[in-house]
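Enquirer:
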Amino acid sequence: MTTIDMSDGRPKEPRRLRELTAWYRGFAEGAGNPVIWEARLRTAAELEREADRLEEASEPPRDRVEFRVTKTGKFCESAGKTAESEQLAVR
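Position in the sequence shown counted from 1, then plus 24, gives you my numbering.
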């Protein structure tokens, strides 16, 4: 498996990385080939891990921002609480 070093020109802002994560996940849905679908989801996961790492290293700690891709292909922040955010709040 080939991995891409994060020094490849990817943005270093967590918000932008999360936008790209949403884009890759949305783009994966249209893949007709399972290998391409998996590669796009793997890239999305890699971008999300990098955004998490950057947020953890930053001071002061910030709330995590979630993005989704609309049907028109635009990015928007997810609104409201999710089941996952509710579970994290309980911990």
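Every residue, glycine too, gets a C-beta built ideally from N, C-alpha and C.
Quick caveat, the model's predicted, so the values are computed rather than measured.
Starting from the C-beta of residue 61, find all residues in its chain whose C-beta is less than 7 Å away, skip the five residues before and the five after it, and write them out in chain order.
Expert: 52, 55
Enquirer: Across which residues does DSSP place residue 99 in a beta bridge pair?
Expert: 93
Enquirer: Would you tell me roughly how many angstroms separate the C-alpha atoms of residue 73 and residue 58, rounded to the nearest one?
Expert: 22 Å
Enquirer: DSSP three-state call for residue 35: helix, strand or coil?
Expert: coil
Enquirer: Taking the Cβ atom as the reference point for each residue, do residue 49 and residue 68 lie within a distance shorter than 8 Å?
Expert: yes
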